[in-house]
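Input: a single structure, listed below in structure tokens.
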Amino acid sequence: MHRLFAALLLVCACATAENHGVVAIRNAKIVTVGGPVLAKGTVVIRNGLIEAVGENVQAPADAAVIEGDGLTVYPGLVDGLSTWGMPGGAATAAGGGRGATAAAPAAAPTGAAATATPSRGPEDRPQTTSWLKAADEIQPGDRRIVTARAAGFTTAVAFPTRGIFAGQGAIFDLLTGETTGEMVVAPGAGQYIALATGGRGGGGGGGFPSSLMGTIAYIRQVYLDAAHYTLVKDAYARDPRGMERPAYDRALEGVLESKRILLPANRLVEIDRMLRFAAELKQPVILYGMQEGFRPEAVELLKKAGVPALVSLKWPEAPRDPDPELVESLRTLQTRDQAASAPMMLKKAGVPFAFYSDGVDVARDLQRAVKKAIDAGLSRDDAVRALTLSPAEIYGVADRLGSIEKGKIGNLVVTRGDIFDDRTKVEMVFVDGVKYIPPPEAPAGGRGAPATAEAPAQGGVR
Amino acid sequence: MRIAIAALLALAPLGAQTVAIQNATILTVTHGTIKGSILVRDGKIAEVGDKVMVPAGATVIDATGQYVIPGMVDAHTHIAADGGVNEGSISDSSMVDIRDVLNPEDIALYRALAGGETTIHILHGSANAVGGQCVTIKTRWGKDAQGLIFQGAPPGIKFALGENPKRSGNPTGRTATGAAPTARYPATRMGVEDTIRQAFTDAKAYQAEWNEYRAKVARGENAIPPRKDLRLEPLVEVLQGTRIVNCHGYRADELLMMLHVAKDFGFKIDLFVHCLEGYKIADEIAAQGAGVSTFSDWWIYKVEAADAIPYNAAILAKKGILVSLNSDDAELMRHMNIEAAKIMKYGGLSENDALAMVTLNPAKQLRVDKWVGSIDAGKDADLAIYDKYPLSASAKVLKVMIDGTVYFDRDKALADNIKAQQDRQKLIEKEKQNQTRQQPARRPTV
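Chains as they are written, first to last, in our numbering: chain R, 67 to 528; chain Y, 4 to 449.
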């Protein structure tokens, strides 16, 4: 095993040293996701793009050839809702700060909207940085990029996540050593909206809004204001003479330029509420969370609304060190028991869904989390799809990402064994055709290797 | 009790078709107590009387020895709302709406149902002078949020006077954790009045702005509509009389103040809630046609609730004021029949007048009395069946029907409880086994 790994490294090293951006993986099992699984095929990457894939494809003469016997090639994994590379720390749990049920602290927005005086109403645009663009905020030095890549992720759809209108997401490739501009695949992934509230009932100095209904009323007012703003601006643009100049409102500008919104929904009642709310706002929506996505009523609602769902891979867990007096409801217990069957239920109903990491970024944890959904009835193929082509489709970038297809971006994961199996090793990851080799891992259940030990990327292959 | 939740979620309400409740003692509220039957068809009361023909194929509920009252109506509750019932950050929060955050899974809803309540008004809290919008629902346990809403019932709004909106419990404006002072205006009762007056002044200006715009459009002029303001829209509806006004208040002086405000701006107060000193100003309340929703004998839980008497409701009622009794509380709402009974003791109201305070009177206040509040042909079949005389502490609710559908059945509920308990135990065992099998991988140290 070790010898083989060393041999591979050697091959790669030689190849990359001599070639300029052409790699061929030969005689590997190729899970194209978009098409059939190739038992023994070849995939060629040139200049960061997939040049060819197939059973009868020949490795070009100028290609660095990787012998793929015993290896499986998948499209690079995509995190459907991420905070990797975003300033301001790690993602929080689905049932925690990001979930609709929990009240995240009323953190000051990352942008200049942070003010000393508490907000007195919607006019103050509280907790709003809708103009903030993830594409402008990428921190390429974020360690989680390295960790996630070692788990097979090549792409993240990352969002600013602080405040109510947190900002606009970006789809970017998990490259290291490139400019952030080169990482970005698509800058406008949508507006991330959280229903975090400032405190319990308010009056605590956090300002407006301090309740869920306050947050909903605020969001509703913002969309009404945005419509009115557009109306007034258009009228002014047509004929400014004699008309009072409309004030520029960056909060509304940010909202108006977002082509979709993301709303949190874990419980059935939240799924129902958010679907109705999005319909009222007339905004294309993606719901995230889905802890009760296993409930047939929830699946039915999503199907009827034709709304895609992002399922958190952080499955609900029993509280650690619980209060001995704690009596958990049957419903809570059922949710913990069945949450992982949501993907299977969504698949069966034909509801588009994708996974998102929600803090699960270490290879072993990721494998375990996805395995849980597979054990609950999701097919392996569909599990792979939920981390590749499905998120690409949901965000409208399936023309460049998500499957191994000629012309798409050269994002690949090469594993030894089935990608979500316990003992599987991620051998190498290609991001925009650049090869990365994850650090050797300790056996399952043991300590993971320090992320800093990732092998050098052998320089850019392109 | 908690364990009953899921089991009851699974309990599909028994189908609504033709149902006959036979051999019962029926407290109709509008036309006395009769021994006889109620025929329910398509969710409505088709017939009630001592000689009711039961059509073939009707489901028969034999209520021999049992009592039927109209499903109770509660004008003041704070249950079934997610994420808080107060938008307490600002003193004028009329843009928020309980309707947006209805939580049909709140167990309090089921308990209210099991206590015989079928229609409830869910109010915004009393933290603000101008509170949020309120909604009337039916306790249709098992339905989704939209399925709870009482179609046709006008929406409400909450105002609050006194200690709560002026923050008496928190005079420095400091939070328990010592966070920065809120500096929230108002801090006095006069400030509360000012806040309400300012809100209505704004609403009138807003209304005028829209009227001007509509006039322009009507004249065929090119005009840009004003900005729609969610804070002022409901206040305009109050001025137009299409929204129910709930006003929280205890002391006679500030209740009088609110009567003046209402008179000045030309709206009616549908419900003074609490209104513990109402007996002191009964004539003034009666003169303006305001309604009252009060407690039977609950007081002294704070200074402004000190000068109260249990005869309040009876005194107000005898002055011709429309009076209801409310719960304001998830526990109290499970036995509002007893609250009605107390008014028979304090003030000597008749059984009928006392029962009306938890049925027909609040239905009138909420403007839903053409559908609910009494047992009359044509009204919604919202009924509570008791095993004993219902204006008594020993009576138990056996069945509750809403729109002709049985949403609570005591026998079934008790059986489901046992099943739910077993299911719960199984899941706890299963989780324990899984936990011992799996140890989470530790994150690499960076």
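All residues carry an ideal CB built from backbone N, CA and C; glycine is no exception.
By the C-beta density criterion, H263/Y is exposed, having fewer than 16 other C-beta atoms within 10 angstroms. Fewer than three beta-carbon pairs drawn from the region 191-208 of chain R and the region 128-146 of chain R are found closer than 8 Å, and the two stretches are therefore not classed as touching.
Residue-level contact check: S96/Y touches chain R, since one or more beta carbons of chain R fall below 8 Å from its beta carbon.
The region 399-415 of chain R makes contact with the region 435-447 of chain R, as at least three CB pairs between them are under 8 Å.
Residue state for L274/Y is assigned as strand, using DSSP reduced to three classes. For I116/R, the enclosing beta strand (DSSP E) stretches over residues 115-120.
Close to A301/R, with beta-carbon spacing below 8 Å, are these residues of chain Y in chain order: I227.
Under the three-state reduction of DSSP, V321/R is assigned to helix. In its chain, beyond the 5 residues on either side, G151, P153 have a beta carbon closer than 6 Å to the beta carbon of Q205/R. In this structure the region 321-338 of chain Y touches the region 277-295 of chain Y; the number of beta carbon pairs closer than 8 Å is three or more. Chain order gives the chain Y residues near M279/R as G86, E90, V99, D100, I101, D103, V104, G135, where near means a beta carbon separation below 7 Å. The beta carbon of L235/Y sits closer than 7 Å to those of D205, A206, Y209, all from its chain and outside the five residues before and after it, given in chain order. For T204/Y, the enclosing alpha helix (DSSP H) starts and ends at 192-221.
In the DSSP assignment, M75/Y falls within the unbroken beta strand (DSSP E) covering 75-80. Taking C-beta separations shorter than 7 Å and ignoring five residues to either side along the sequence, the partners of D197/Y in its chain run P189, following chain order. Taking a 10 Å sphere around the C-beta of I93/Y, we find 16 or more other C-beta atoms and assign the residue as buried.
Residue state for R361/R is assigned as coil, using DSSP reduced to three classes. Rounded to the nearest whole angstrom, the CA to CA distance from S377/Y to E166/Y is 36 Å. Under a criterion of Cβ atoms nearer than 8 Å, no residue of chain R is adjacent to D419/Y; the nearest Cβ is some 11 Å distant. About 4 Å separates the CB atoms of C137/Y and G159/Y; that is less than 8 Å, so the two are in contact.
T195/R carries a coil assignment under DSSP once its states are collapsed to helix, strand and coil. By alpha-carbon distance to K491/R, the top candidate from V480/R, V500/R, D498/R, G499/R is V480/R. Of the residues G425/R, V436/R, I96/R, T98/R, the one whose Cα lies closest to the Cα of D488/R is V436/R. With a cutoff of 8 Å on beta-carbon distance, V57/Y and L42/Y are scored as near each other. For L147/R, the uninterrupted beta strand (DSSP E) segment begins and ends at 143-148. By the criterion of a C-beta distance shorter than 6 Å, I247/Y is surrounded in its chain by P157, G159, D273, once the five residues flanking it on both sides are discounted. F496/R sits close to I111/R, with the two beta carbons spaced by under 8 Å.
In chain order, I227 make up the part of chain Y whose C-beta sits under 8 Å from the C-beta of V298/R. With its beta carbon less than 8 Å from one in chain R, P107/Y belongs to the interface. Per the Cβ contact rule, the region 340-357 of chain R is in contact with the region 368-377 of chain R (3 or more Cβ pairs under 8 Å). Against chain R, the CB of I125/Y has no partner CB under 8 Å away; the residue lies outside that interface.
At a cut-off of 8 Å, the C-beta of I93/Y has a neighbouring C-beta in chain R.
When the five nearest sequence neighbours on each side are left out, the beta carbons in the same chain lying within less than 8 Å of the beta carbon of K299/R are those of P312, in order along the chain. With the rule of 3 Cβ pairs closer than 8 Å, the region 202-219 of chain R does not count as touching the region 301-319 of chain R. At the C-beta level, S148/R and Y422/R come within 8 Å of one another. I125/Y and T142/Y do not touch by the CB rule: their CB atoms are close to 11 Å apart, not below 8 Å.
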